[in-house]
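Counting in my numbering, the final residue of the sequence shown is number 864, and the numbers go up one at a time with none missing.
Backbone N, C-alpha and C fix where the C-beta goes; we use that ideal spot for every residue, glycine too.
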Amino acid sequence: MALLHACAFLHRRGEVEALAVTVDHGLQAESAEVAATVAGTAESWGVPARIVAVTVTPGADGIEAAARDARYAALETARTAHDADWILTAHTRSDQAETVLLGLLRGSGTRSLAGMAVRSGHVLRPLLDIDRAATEAACRAQGIAVWDDPMNADAAFARVRVRSLLGTLEAELGQPVTDNLARTAELCRADADFLDAAAADVLAEIRGASEIPLDRLGDHPDAILSRVLRGWLLSLGVPAQSFGSTRIRDLMALIREDAGAGRVGRLSFPGDTEVVVSRGTVRFGFAAKHPDS
Numbered sequence: 572m573a574l575l576h577a578c579a580f581l582h583r584r585g586e587v588e589a590l591a592v593t594v595d596h597g598l599q600a601e602s603a604e605v606a607a608t609v610a611g612t613a614e615s616w617g618v619p620a621r622i623v624a625v626t627v628t629p630g631a632d633g634i635e636a637a638a639r640d641a642r643y644a645a646l647e648t649a650r651t652a653h654d655a656d657w658i659l660t661a662h663t664r665s666d667q668a669e670t671v672l673l674g675l676l677r678g679s680g681t682r683s684l685a686g687m688a689v690r691s692g693h694v695l696r697p698l699l700d701i702d703r704a705a706t707e708a709a710c711r712a713q714g715i716a717v718w719d720d721p722m723n724a725d726a727a728f729a730r731v732r733v734r735s736l737l738g739t740l741e742a743e744l745g746q747p748v749t750d751n752l753a754r755t756a757e758l759c760r761a762d763a764d765f766l767d768a769a770a771a772d773v774l775a776e777i778r779g780a781s782e783i784p785l786d787r788l789g790d791h792p793d794a795i796l797s798r799v800l801r802g803w804l805l806s807l808g809v810p811a812q813s814f815g816s817t818r819i820r821d822l823m824a825l826i827r828e829d830a831g832a833g834r835v836g837r838l839s840f841p842g843d844t845e846v847v848v849s850r851g852t853v854r855f856g857f858a859a860k861h862p863d864s
């Protein structure tokens, strides 16, 4: 509500043209009523509003990820339909800290630990450097009711448990854990951006190619090669959820072995496909019938 109130202020002054889009995920009995309340509040502040109902189908990454994907898809559809420049979300520094801690607990790499960016494509997060308590205090100071999503108290969700853990850590350690994790995200993002850019230069030469000479991959360090191989597989239509960091490490090991000993190595992927590393090349295609040896 803090972000909506700020946007409404600027909208009334004619400094921006705002549209409030409320996504009803349909995951709670009262979700339609809540969406209507938010839309009504926006209109009472002079901002036109739309309610978009979505269907959330849990996938391999769980219902939280599915809801997030459905929400951003709905917001992007609304953005293009209304020829808007930006999608603004109300993520705070507290949300950032939770994202980083979730990544740490899952053993993620620097891109995940980089958390959310202030700007990502057409998405802006103007409150990302402000903690949740500050936005709630701002609402109270303006007499704006703060609505607590019941899902934020459901310990079945990993983010809810992490939120509770953050509070416990700050209390027991006497450290500004939220601020420190947000700083970690900033530092990791600088590293991840550099590595992504370096990998993009290599990937530009091999994207979509079913066969790559090993010398095109060069002697890149693992931090870059892993990104190149991931991007290459995605460019060939391999589903992202079908491979993770372990699979990429296995592929890098085959490449290093072939470069040093000329061995033949294979890794299978969905759809009866495989990557074959042999004779100085990396090839992707349908799995061939080959005798066990």
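1) With a CB to CB cut of under 8 Å and the five nearest residues on each side skipped, what residues in its chain are close to residue 581?
2) If contact is defined by three or more beta carbon pairs under 8 Å, each pair taking one atom from either stretch, is the region 759–773 in contact with the region 678–690?
3) In chain order, what residues of the same chain lie with their CB nearer than 7 Å to the CB of residue 674, ignoring the 5 residues before and after it?
4) Would you list, in sequence order, the uninterrupted beta strand (DSSP E) runs of no fewer than 3 residues that lie entirely inside the region 586–641?
5) What did DSSP end up calling residue 754 once you bin it into helix, strand or coil?
6) Could you check what DSSP says for residue 856 in three-state terms: helix, strand or coil?
7) Determine the direct distance from the alpha carbon of residue 794 to that of residue 783, and round the result to whole angstroms.
8) For residue 689, which residues does DSSP report across the bridge?
9) When you compare each of 807, 798, 732 and 661 to residue 817 by their alpha carbons, which one comes out closest?
10) Verify whether the separation of the beta carbon atoms of residue 593 and residue 621 is less than 9 Å.
11) Buried or exposed for residue 591, please, with buried defined as at least 16 other CB atoms from any protein chain shown within 10 angstroms of its CB.
12) In terms of alpha-carbon separation, which member of 695, 608 and 658 lies closest to residue 715?
13) Which partner residues of residue 580 appear in the DSSP bridge assignment?
14) Thinking just about the alpha-carbon of each residue, which of 606, 809 and 708 is nearest to the one in residue 843?
15) When DSSP labels each residue in this structure, what does residue 864 get in the three-state scheme?
16) What span of residues does the beta strand (DSSP E) with residue 837 cover, start to end?
17) At which residues does the alpha helix (DSSP H) containing residue 799 begin and terminate?
18) Which stretch, first to last residue, makes up the beta strand (DSSP E) that contains residue 847?
19) Output the distance between the C-alpha atoms of residue 698 and residue 835, rounded to the nearest integer angstrom.
20) Could you say if the region 639–654 and the region 610–630 meet the contact criterion of at least three C-beta pairs nearer than 8 Å?
21) Which residues share a DSSP beta bridge with residue 782?
22) Leaving out the 5 sequence neighbours to the left and right, which residues in its chain are closer than 8 Å to residue 839 when beta-carbon positions are compared?
23) So, with DSSP's three-state summary, where would you put residue 826?
24) Closest to residue 719 by C-alpha separation, out of 729, 606 and 855, would be which residue?
25) Which residue or residues does DSSP assign as beta-bridge partners of residue 659?
26) Is the beta carbon of residue 785 sitting closer than 9 Å to the one on residue 773?
27) Can you check which of these residues, 631, 618 and 614, is closest to residue 520 by C-alpha distance?
28) Quick one, which of 678, 637, 695 and 744 has its alpha-carbon nearest residue 650's?
29) What distance in whole Å lies between the Cβ atoms of residue 765 and residue 635, which are believed to be in contact at a cut-off of 8 Å?
30) For residue 837, I'd like the list of residues in its chain whose CB is within less than 6 Å of its CB, leaving aside the five on either flank, ordered along the chain.
31) Looking at residue 700: is its Cβ nearer than 9 Å to the Cβ of residue 664?
32) Measuring only the C-alpha atoms, how far is residue 800 from residue 819?
Well, looking at it:
1) Here residue 581 refers to the residue found at position 10 when the sequence shown is read from its first residue. Excluding positions up to five away in sequence, the list reads 587 and 589.
2) yes
3) For the purposes of this step, residue 674 is taken as the residue at position 103 of the sequence shown. So the qualifying residues of the chain are 683 and 684.
4) 591–595 and 620–624
5) Taking the sequence shown and counting its residues from 1, one reaches residue 754 at position 183. Looking at residue 754 - three-state DSSP - the assignment turns out to be helix.
6) For this step, residue 856 is matched to residue 285 along the sequence shown. Three-state result, residue 856: strand.
7) To locate residue 783, count along the sequence shown from 1; it is residue 212. To locate residue 794, count along the sequence shown from 1; it is residue 223. Approximately 19 Å between the Cα atoms of the pair.
8) Translated into positions along the sequence shown, residue 689 becomes position 118. None; residue 689 has no bridge partner.
9) Within the sequence shown, numbered from 1, the residue matching residue 817 stands at position 246. Ranking 807, 798, 732 and 661 by Cα distance to residue 817 puts 798 first.
10) For the purposes of this step, residue 593 is identified with residue 22 of the sequence shown, where counting begins at 1. For the purposes of this step, residue 621 is identified with residue 50 of the sequence shown, where counting begins at 1. Yes, they are a contact pair.
11) Residue 591 sits at position 20 when you count from the first residue of the sequence shown. Buried, because 16 or more other Cβ atoms sit within 10 Å of the Cβ of residue 591.
12) By 1-based counting over the sequence shown, the position of residue 715 is 144. Per the Cα distances, 608.
13) Here the question's residue 580 lines up with position 9 in the sequence shown. Beta-bridge pairing links residue 580 to no other residue.
14) Along the sequence shown, read from residue 1 onward, the residue named residue 843 stands at position 272. The shortest Cα separation from residue 843 among 606, 809 and 708 belongs to 809.
15) Taking the sequence shown and counting its residues from 1, the one referred to as residue 864 is at position 293. Caution applies to residue 864, whose pLDDT of 44 falls short of 50 and renders its modelled position unreliable; the value that the coordinates give is listed next. Here residue 864 sits in coil by DSSP.
16) For this step, residue 837 is matched to residue 266 along the sequence shown. 836–840 is the extent of the beta strand (DSSP E) around residue 837.
17) On the sequence shown, position 228 is the one that residue 799 refers to. 793–806 is the extent of the alpha helix (DSSP H) around residue 799.
18) For the purposes of this step, residue 847 is identified with residue 276 of the sequence shown, where counting begins at 1. Residues 844–849.
19) For the purposes of this step, residue 698 is taken as the residue at position 127 of the sequence shown. For the purposes of this step, residue 835 is taken as the residue at position 264 of the sequence shown. So the two alpha carbons sit approximately 52 Å from each other.
20) yes
21) The sequence position of residue 782 within the sequence shown is 211, counting from 1. Answer by DSSP bridge pairing, in chain order: 854.
22) Sequence index remark: in the sequence shown, residue 839 carries index 268 (1-based). Result list for residue 839: 845 and 858, in chain order.
23) By one-based count along the sequence shown, residue 826 stands at place 255. The answer is helix: DSSP assigns residue 826 an H, G or I state.
24) Along the sequence shown, one-based indexing puts residue 719 at 148. The residue with the shortest Cα to Cα distance from residue 719 is 606.
25) Here residue 659 refers to the residue found at position 88 when the sequence shown is read from its first residue. According to DSSP, which records beta bridges pairwise, residue 659 is partnered with 695.
26) Taking the sequence shown and counting its residues from 1, one reaches residue 785 at position 214. Taking the sequence shown and counting its residues from 1, one reaches residue 773 at position 202. Contact: no.
27) Any answer about residue 520 is impossible in this case: the structure gives the chain only from 572 up to 864.
28) Position 79 of the sequence shown holds residue 650. Among 678, 637, 695 and 744, the Cα nearest to that of residue 650 belongs to 695.
29) Your numbering for residue 635 matches position 64 in the sequence shown. Your numbering for residue 765 matches position 194 in the sequence shown. Not confirmed; about 30 Å, so no contact.
30) Along the sequence shown, one-based indexing puts residue 837 at 266. For residue 837, where only same-chain residues beyond five positions count, the Cβ hits under 6 Å are 845 and 847.
31) If you number the sequence shown from 1, residue 700 lands on position 129. If you number the sequence shown from 1, residue 664 lands on position 93. A contact, by the Cβ cut-off of 9 Å.
32) Along the sequence shown, read from residue 1 onward, the residue named residue 800 stands at position 229. Along the sequence shown, read from residue 1 onward, the residue named residue 819 stands at position 248. Between residue 800 and residue 819, the C-alpha separation is close to 7 Å.
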